[in-house]
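Shown next, in structure tokens, is the structure this report addresses.
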Amino acid sequence: MRIAVLLKDRCQFKKCNQECLRYCPKVRTGVEAVVIGEDGRPIISEELCVGCGICVHKCPFEAIKIIGLPDELRQDIVHQYGENAFRLYRLPVPKEGVVTGILGPNGIGKTTSFRLLSGEEVPNLGRYDDPPSKEEVLEHFSGTELHDHLERVFQGKVRTSIKPQYVDKLPSVFQGGVRELLGRVEGRLTLEDVVPMLELEEAMDRQMGELSGGELQRVAIAATIMKDADIYFFDEPSSYLDIYQRLRVARIIENLAREKQVVVIEHDLAILDFLAENVYLVFGSEGAFGIFSHPRQVRSAINVYLEGYAKEENMRFRDTQIVFESRPPRSNWEQFDLLQYGTIECQYPSFHLKVEPGSIKIGETVGVVGPNAIGKTTFVKVLAGVQQPTVGKVDRDLKVSYKPQYISPDFDGTVREMFNATVKDFFESGFFQSEIARPLSLKNLLDKNVMTLSGGELQRVAVASCLSREADIYLLDEPSAYMDSNQRMEAAKTVRRVMEKRGRSAMVVDHDIYFLDMVSDSIMVFGGVAGKEGLGQGPYDMRKGMNLFLKDVDVTFRRDNDTNRPRINKPGSRLDREQKERGEYYYSG
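Heads up: the sequence shown at position 580 corresponds to 578 in my numbering, and the numbers run straight through without jumps.
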């Protein structure tokens, strides 16, 4: 089976010479395998296309995908958005009593599956031009678990509650106060129940537009679990949250699953591993198609995802396996100091930060961990020269490249034009193309306007822009935000590889344990009282730093026997108790 997909957001038909039409061998023989539609864009006939791939390679904007899929998938199509448009194969099925996880890249149908399962959209079975009735849809799925689920949905017997993906857009949707918003959705739980549960005391009397990303996320989760529903859908519930909050939310969702059906999309693999029982992997091509695998036990699903090859489906979806170090990398670090700093303090009316003396070595990547509102970003800003400390000083002779936590697109032009305006020579170098652009998948973003990029796209461009500038030290504040799991792993490897090959140093603030495990040589630990006082310590070697941090979080990690990836131990389990007794919270085998 062959599918042809036109990515309309890439197709710039006014700027090309209709290469797809001119170079098609079938068109040259008089067969209308490609025609130009009324809107000026090409329409590709999947029946007449021979799959030569010439149009794919000739299109100057890479807007065409011709993909061969197994014939047996023809019967599994669930939804298609139009001719030469995205299509989805198979759907996950929510289960009683367990958290059902969904894992896969952005842009291949995970959020679409939520809309179909919740009844927001009716599956069209690929008949976009002649949508089937609900009865026909049920007949198609007759004898399957999905039939029983959709039947209840179509009959209005299933109430759903959905936490949206992009919580930062909530203030534009609801412009009132937090108390007013949550008061409208009281049902299964009351305000008195959720406020202490999600630590929302300080946010309750504020307007939605005044909240931080982490507060918006917790308000969205609170609104979702307060509703009285049968199925709860959580789309990326850990974004913006620190490790403490992520674990707290994971336990809340886990408890909810004991009485309700729960489906979760999550890119933090450590949290997904801790939270879910069964996981559906989603394979596919961004913007073209998505295929839901059969459910796997969570450990098996994540290991398959890291390996990049699914035996049962006979499908390879990654060229190389993602590998974790079995022990902290570079434990015997011996190198000259790039930067030394004494005690640094920042005093505000209601917050005080103190950072103990430390140093960053040449070629070292320092990870930074700690809860939100504890001073991590403040310290990075001090190093970047964006902010002046109240006490102490930092060497200003160093060149610094800084990627802030919150990115706002402030360049009105294409990504290519932005790079040409800022780092033209480096942008055109082979090193940039091979070590930064390719692993961060920038090729298809270069001709997009910076102002129109999605959160994940903007993050990748910001990371690339930071790494492209000539500097002695690179400061990246939450570089994994908005990225899917695969992009996070590639970004971590990119940062580490660039530092090693160029002999530069980096400091990376993040909440994703997998990301930090891959990128860091050493760790700085921030603690204190959120919003009141913070204390920064280190850098420590990975073992000492992570043990200090995780002891405060009160969680232990073990290493997976097959992949060496970190896995959270169940609280109170034998391994959890044994590791706590030994003081080994992170690097136990």
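Where is the CB? At the ideal position from N, CA and C, for every residue including glycine.
Being a predicted model, the structure only gives us computed values, none of them experimental.
When you compare only the Cα positions, how much space is there between V217 and L180?
One C-alpha to the other measures close to 8 Å.
Roughly how many angstroms lie between the CA atoms of F430 and F84, to the nearest whole one?
Straight-line Cα distance between these residues: approximately 31 Å.
Just curious, the beta strand (DSSP E) that E531 is in, first and last residue?
DSSP places E531 inside the beta strand (DSSP E), whose first and last residues are 531 to 539.
Shortest alpha-carbon distance to L198 belongs to which of V459, A221, C22?
For the residues V459, A221, C22, the minimum Cα distance to L198 belongs to A221.
Three-state secondary structure assigned by DSSP to V609:
Within the shown structure, residues of the chain are numbered from -1 to 587, placing residue 609 beyond reach of any answer.
Express the C-alpha separation of P58 and K12 in angstroms, rounding to a whole number.
For K12 and P58, the distance between alpha carbons rounds to 12 Å.
Among residues of its own chain, excluding the 5 on either side of V193, which ones have a beta-carbon nearer than 7 Å to its beta-carbon?
Taken in chain order, the residues that qualify are E199, M202.
Just the C-alpha distance for K258 and L187, rounded to the nearest angstrom, thanks.
Distance between the alpha carbons of K258 and L187 is about 14 Å.
Leaving out five residues before and five after Q205 in sequence, what residues of the same chain have Cβ atoms less than 6 Å from its Cβ?
Answer for Q205: G175, listed in chain order.
Report the rounded CA-to-CA distance for R602 versus E426, giving the unit in angstroms.
What the structure shows of the chain is the stretch from -1 to 587, and residue 602 is not part of that stretch, so it cannot be assessed.
Classify P326 as buried or exposed, calling it buried when 16 or more other Cβ atoms lie within 10 Å of its own Cβ.
Interpretation of P326 is limited by its pLDDT of 49, a score under 50 that renders its predicted location unreliable; no figure is taken from the coordinates.
Residue range of the alpha helix (DSSP H) that N253 falls in?
Residues 241 to 255.
Which whole runs of the beta strand (DSSP E) in the region 110 to 166 are 3 residues long or more, in chain order?
If only complete runs of 3 or more residues are kept, the region 110 to 166 shows the beta strand (DSSP E) at 158 to 161, in order along the chain.
Rounded to whole angstroms, what is the Cα-Cα separation between H77 and E118?
Rounded to whole angstroms, the separation of the alpha carbons of E118 and H77 is 13 Å.
Output yes or no for whether 8 Å exceeds the beta carbon distance between V247 and I229.
For the 8 Å CB-CB criterion, V247 and I229 do not form a contact.
Rounded to a whole number of angstroms, what is the C-alpha to C-alpha distance between R394 and E468?
Spanning the two alpha carbons is a distance of roughly 15 Å.
Taking all protein chains shown into account, do 16 or more other C-beta atoms lie within 10 angstroms of the C-beta of P369, making it buried, or fewer, making it exposed?
P369 is classed as buried because its beta carbon has at least 16 other beta carbons within 10 Å across all chains shown.
Run through the region 393 to 445 for me and flag every whole beta strand (DSSP E) of 3 or more residues, listed as ranges in chain order.
The region 393 to 445 contains these whole beta strand (DSSP E) runs: 398 to 401.
Taking DSSP as the reference, what is the three-state secondary structure of Q457?
In the three-state reduction of the DSSP assignment, Q457 falls in the helix class.
With H, G and I counted as helix, E and B as strand and the rest as coil, what does DSSP make of M544?
Reduced to three states, the DSSP call for M544 is helix.
Proximal residues to S329 (C-beta, below 8 Å), its chain only, five neighbours per side dropped:
No answer about S329 holds up, because its pLDDT of 47 lies below 50 and its placement is not dependable.
Secondary structure of A221, DSSP reduced to three states
If DSSP states are grouped into helix, strand and coil, A221 belongs with the helices.
When DSSP labels each residue in this structure, what does M(-1) get in the three-state scheme?
The answer is coil: DSSP assigns M(-1) none of H, G, I, E or B.
Can you say whether P121 is buried or exposed, counting buried as having 16 or more other CB atoms within 10 angstroms of its CB?
Buried: at least 16 other Cβ atoms inside 10 Å.
If you reduce the DSSP assignment to three classes, tell me which class S329 lands in.
With a pLDDT of 47 at S329, under the threshold of 50, the modelled position of this residue cannot be trusted; read the value that follows with caution. When secondary structure is reduced to three states using DSSP, S329 falls in the coil class, being assigned neither helix nor strand.
By a C-beta neighbour count over all protein chains shown, 10 Å radius and 16 as the cutoff for buried, is F334 buried or exposed?
Per the 10 Å Cβ criterion, exposed.
Enclosing alpha helix (DSSP H) for T98 [first to last residue]:
Counting along the chain, no alpha helix (DSSP H) covers T98; the unbroken beta strand (DSSP E) around it starts and ends at 97 to 101.
Is it buried or exposed for T420, if we count other Cβ within 10 angstroms and need 16 for buried?
Taking all protein chains in view, the Cβ of T420 is surrounded by fewer than 16 other Cβ atoms within 10 Å, so the residue is classified as exposed.
Tell me the DSSP secondary structure of L381 in three-state form.
Correct three-state label for L381: helix.
Can you tell me whether H589 is buried or exposed? The criterion is at least 16 other CB atoms within 10 Å of its CB, across all chains shown.
Outside the shown range of the chain, which is -1 to 587, sits residue 589, and nothing can be said about it.
DSSP three-state label for N104, please.
DSSP places N104 in coil when its eight states are reduced to three.
With three or more C-beta pairs closer than 8 Å as the rule, is the region 262 to 282 touching the region 229 to 241?
Taking 8 Å as the limit for Cβ pairs, the verdict is that the region 262 to 282 does touch the region 229 to 241.
Counted within 10 angstroms of its Cβ, other Cβ atoms place Q646 as buried (16 or more) or exposed:
Within the shown structure, residues of the chain are numbered from -1 to 587, placing residue 646 beyond reach of any answer.
On the criterion of 16 or more Cβ atoms from any shown chain inside 10 Å, does G534 qualify as buried, or is it exposed?
Classification of G534: buried, given that the 10 Å Cβ count is 16 or more.
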